[in-house]
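Please read the structure below before turning to the comments.
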Amino acid sequence: MKETIILGIETSCDETGIALVAGGRKILSNKVATQIALHRRYGGVFPEVASRQHVISILPVLRDAMEDAGVSWQEIDAVAVTYGPGLPGSLLVGVNMAKGIAWSSNLPLVGVNHLEGHIYSSWLETPEAPEKPRHPFPFLALLVSGGHTELILVERHLRYKRLGGTIDDAAGEAFDKVARVLGLGYPGGPAIQKAAEKGNPKAFHFPKAKLRMAGEFDFSFSGLKTAVLRQVQKLEAEYGISNGGDARRLKPGEGSPLPEQVVADLAASFQRAVVRALVEKTQKAVERTGVKYVCVCGGVSANKALREALHAAVTAEVIMPPLYLCTDNGAMIASAGYQRFLAGQTSGLDLDVVPNLRLV
Ligand code: KG4
Ligand code: ZN
1 MKETIILGIE TSCDETGIAL VAGGRKILSN KVATQIALHR RYGGVFPEVA
51 SRQHVISILP VLRDAMEDAG VSWQEIDAVA VTYGPGLPGS LLVGVNMAKG
101 IAWSSNLPLV GVNHLEGHIY SSWLETPEAP EKPRHPFPFL ALLVSGGHTE
151 LILVERHLRY KRLGGTIDDA AGEAFDKVAR VLGLGYPGGP AIQKAAEKGN
201 PKAFHFPKAK LRMAGEFDFS FSGLKTAVLR QVQKLEAEYG ISNGGDARRL
251 KPGEGSPLPE QVVADLAASF QRAVVRALVE KTQKAVERTG VKYVCVCGGV
301 SANKALREAL HAAVTAEVIM PPLYLCTDNG AMIASAGYQR FLAGQTSGLD
351 LDVVPNLRLV
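At position 79 of the sequence shown the residue is numbered 79 (the working numbering), and the sequence of numbers has no breaks.
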């Protein structure tokens, strides 16, 4: 019997991703046009530039994904698209493309939550792991990206329970902001990881944030970011560097005036603090829920120190998608869309974008 084929479209932030996935797990093609180089000069994603670039990229990426998969329009069963959370102008490009395809090819339209997409990235088979066994429910999802830091219990398909999340900055956002303060460029995660390789993670002690009023599984990274900023200002004063008194004034692409080794030590110490917070809460959630599997997803799960620490400290089996599925892509949207399609949860052509869409 022919497997159900879903076309997945992702444009919630700065990647234009389109993929074809069969049976919810088998990637037939997965094409991503990244805008990282475009946003580097701004030191972060510039929303207006992002949506315009999606408009430019989306048709070539679609053509590429169709050609690579070698399937005809008649073989596709549904179109799944991210409709939130994300940047409104960026989401609109993907949603309108999906509506156009659904209308012209008479296909069902499936709206997918971006966070749900990240969770399903762990479900996909890859050339590295073909015929990967399914991890049974329930499992825990640690979702760490530029916009989100969430601990979610996945009870069964499409059934989620939020255990906790960040009360201020997302983990990836903290990496991006601290990288800016350290003059390490954009995106911050990979830049900090690289600088940290040469640094001493115990050089600076950044205290863990005290979480008053927050839940047991909540995170806070904004205090940590401020602690790094204060330390940088103190060091600049010690080195006699005048930076207008504010390290935040570094322009994108401008390196730190501090010695390279000091920056490496700061990066390593900051990374250690983030990793410790994420690992500790995850292990606590494993103990509380008794789950046997933890899926780690979202752009920050590309972080090598985090991957190693989770494998070492978490008592459940840690499942991590390959790096190209950790960052935004269309395959994860197609995989989540497949489950919604099976459950009969299709949308009409009036599907609207929901920039602040929640998962639970
Ligand atoms: O999931 P994602 O591609 O986009 C969102 O939905 O946000 O995540 C992007 C985030 C950025 O903040 C980036 O700095 C971070 O993931 N990131 C990393 C690494 N690679 C990407 N953070 C830490 N270490 C990395 N190696
Ligand atoms: Zn994402």
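Beta carbons are placed, not taken as given, at the ideal position from N, Cα and C, and that holds for glycine.
Please determine, among L359, P355 and V360, the residue with the shortest C-alpha to C-alpha distance to S90. It is P355.
Per DSSP, cross-strand counterpart(s) of V181: Beta-bridge pairing links V181 to no other residue.
Among E48, S104 and V61, whose alpha-carbon lies nearest the alpha-carbon of T16? Closest option to T16, Cα to Cα, is V61.
Supposed contact pair A65 and V79 - C-beta distance, whole angstroms, cut 8 Å: Not quite, the Cβ-Cβ distance comes to about 12 Å (not below 8 Å), so this is no contact.
Other residues of its chain near V178: CB distance less than 7 Å, five sequence neighbours each side excluded: G188, I192, K225, V228 and F270
Given F341, which residues of its chain have a CB within under 8 Å of its CB, disregarding the five upstream and five downstream residues? So the qualifying residues of the chain are T4, I6, D77, A78, A80, P108 and V110.
Do A334 and A69 have their CB atoms nearer than 8 Å? no
Whose C-beta lies closer than 7 Å to the C-beta of E75 among residues of the same chain, with five residues either side of it excluded? I5
From C116 to Y338, what does the alpha carbon distance come to, in whole angstroms? Before going on, a small fix: residue 116 reads as Glu here, not Cys. When rounded, the distance between both Cα atoms is 12 Å.
Do N113 and G84 come within 8 Å of each other at the CB atom, strictly closer than that value? yes
To the nearest angstrom, how far is it from the Cα of S121 to the Cα of Y324? 10 Å
CB M332 to CB L140, shorter than 8 Å? no
Closer than 6 Å by C-beta to K363: which residues in its own chain qualify, once you throw out the five before and the five after it? Chain order, please. Outside the displayed span of the chain (1 to 360) sits residue 363, for which this structure offers no information.
Residues sharing a beta bridge with L229, DSSP: According to DSSP, which records beta bridges pairwise, L229 is partnered with nothing at all.
Which of the three DSSP states, helix, strand or coil, is assigned to F139? strand
Would you mind working out which of P138, D328 and R272 sits nearest E308, comparing C-alpha positions? R272
To the nearest angstrom, how far is it from the Cα of G185 to the Cα of A305? Going from the Cα of G185 to the Cα of A305 covers about 19 Å.
Short Cβ contact (8 Å threshold) for F219 with G146: Cβ atoms of F219 and G146: not closer than 8 Å.
Do you know offhand how far L266's Cα is from N106's? 55 Å
According to DSSP, what are the bridge partners of T149? DSSP lists V144 as partners of T149.
Going straight from the alpha carbon of H39 to that of G253, what length do you get? 11 Å
Closest Cα partner of L163 within the set D169, A33, E287 and A195: E287
What first and last residue would you give for the alpha helix (DSSP H) that runs through T289? E260 to T289
Can you look up Y324 in the DSSP assignment and give me helix, strand or coil? Collapsing the DSSP output to three states places Y324 in a helix.
In three-state DSSP terms, what is E128? coil
For P133, which option in L357, D350 and I319 has the closest C-alpha, if you only look at C-alpha atoms? Closest by alpha carbon: I319.
Taking just the CA atoms, how far does V294 sit from E317? Taking the straight line joining both Cα atoms gives about 6 Å.
Please tell me whether, using a cut-off of 7 Å, the distance from the CB of D328 to the nearest non-hydrogen atom of ligand 2 is below it. Indeed, a heavy atom of ligand 2 lies less than 7 Å from the Cβ.
Once DSSP output is grouped into helix, strand and coil, what is the label at L250? coil
In this structure, what does DSSP give as the bridge partners for K161? L153
Of the residues R41, I27, H54 and E155, the one placed nearest S12, counting alpha carbons only: Measuring from the Cα of S12, the nearest candidate turns out to be H54.
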